[in-house]
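Residue numbers (our numbering): 5 to 79. Ideal placement from N, C-alpha and C gives every residue a C-beta, glycine not left out. Working notes, beginning with the structure itself.
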(Lines of atoms letter the chains of each structure in order from A and count residues from 1; the text may use other names and numbers.)
(Lines give C-alpha, C1' and ligand atoms only; values in the text may rest on other atoms or scores of the structure.)
Protein backbone atom coordinates (compact mmCIF):
# COMPACT_ATOMS: atom_id res chain seq x y z
CA UNK A 1 0.00 0.00 0.00
CA UNK A 2 1.37 3.39 -1.00
CA UNK A 3 1.95 6.22 1.48
CA UNK A 4 1.72 9.77 0.15
CA UNK A 5 1.75 13.21 1.69
CA UNK A 6 -1.75 14.68 1.90
CA UNK A 7 -1.04 18.14 3.33
CA UNK A 8 1.16 20.17 5.67
CA UNK A 9 0.32 21.65 9.05
CA UNK A 10 1.93 24.35 11.15
CA UNK A 11 2.16 23.81 14.89
CA UNK A 12 1.27 27.23 16.38
CA UNK A 13 2.99 26.36 19.67
CA UNK A 14 6.32 25.80 17.92
CA UNK A 15 6.06 28.55 15.29
CA UNK A 16 8.07 31.69 16.06
CA UNK A 17 6.29 33.66 13.29
CA UNK A 18 9.56 34.47 11.54
CA UNK A 19 7.80 33.43 8.30
CA UNK A 20 10.83 31.69 6.83
CA UNK A 21 8.38 29.33 5.12
CA UNK A 22 6.74 32.12 3.09
CA UNK A 23 9.54 33.37 0.78
CA UNK A 24 11.16 29.94 0.37
CA UNK A 25 7.99 28.34 -1.03
CA UNK A 26 8.26 28.19 -4.86
CA UNK A 27 4.47 28.06 -5.33
CA UNK A 28 3.32 30.58 -2.71
CA UNK A 29 1.39 27.92 -0.78
CA UNK A 30 2.04 29.69 2.55
CA UNK A 31 0.03 32.89 2.95
CA UNK A 32 2.23 35.82 3.91
CA UNK A 33 0.26 37.14 6.88
CA UNK A 34 -0.18 35.58 10.34
CA UNK A 35 -1.33 32.95 11.18
CA UNK A 36 0.45 31.77 8.00
CA UNK A 37 -2.28 29.55 6.62
CA UNK A 38 -1.41 26.94 4.03
CA UNK A 39 -3.04 26.31 0.63
CA UNK A 40 -2.44 22.60 0.04
CA UNK A 41 -3.69 22.80 -3.55
CA UNK A 42 -0.56 24.82 -4.43
CA UNK A 43 1.94 22.56 -2.66
CA UNK A 44 4.33 20.28 -4.57
CA UNK A 45 4.28 16.85 -2.95
CA UNK A 46 7.98 16.18 -3.39
CA UNK A 47 9.07 19.63 -2.19
CA UNK A 48 10.45 19.92 1.35
CA UNK A 49 11.82 23.45 1.27
CA UNK A 50 9.60 24.87 4.04
CA UNK A 51 9.99 21.76 6.21
CA UNK A 52 13.78 21.92 5.97
CA UNK A 53 13.95 25.72 6.41
CA UNK A 54 11.87 25.95 9.58
CA UNK A 55 14.31 26.28 12.50
CA UNK A 56 11.76 25.14 15.10
CA UNK A 57 10.32 22.24 13.06
CA UNK A 58 6.86 23.77 13.36
CA UNK A 59 5.77 22.40 9.97
CA UNK A 60 4.96 18.74 9.57
CA UNK A 61 3.36 16.50 6.98
CA UNK A 62 0.13 14.56 7.27
CA UNK A 63 0.19 11.39 5.21
CA UNK A 64 -2.32 9.00 3.67
CA UNK A 65 -1.81 5.25 3.62
CA UNK A 66 -4.52 4.10 1.26
CA UNK A 67 -7.57 5.90 2.72
CA UNK A 68 -6.20 6.09 6.29
CA UNK A 69 -4.91 9.46 7.52
CA UNK A 70 -1.59 9.19 9.37
CA UNK A 71 -0.85 12.07 11.74
CA UNK A 72 2.14 12.57 14.05
CA UNK A 73 1.78 11.43 17.64
CA UNK A 74 1.04 14.25 20.06
CA UNK A 75 3.82 14.89 22.57
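- Hey, residue 14 and residue 32: beta-carbon distance below 8 Å or not? no
- Quick one: using the 10 Å Cβ neighbour count with 16 as the cut-off for buried, is residue 12 buried or exposed? buried
- Distance, Cα to Cα, residue 18 vs residue 60? 6 Å
- Message: For residue 74 and residue 16, what's the separation of their Cα atoms in angstroms?
- Response: 20 Å
- Measure how close the beta-carbons of residue 30 and residue 53 come, nearest whole angstrom, since I'm counting them as under 8 Å. 7 Å
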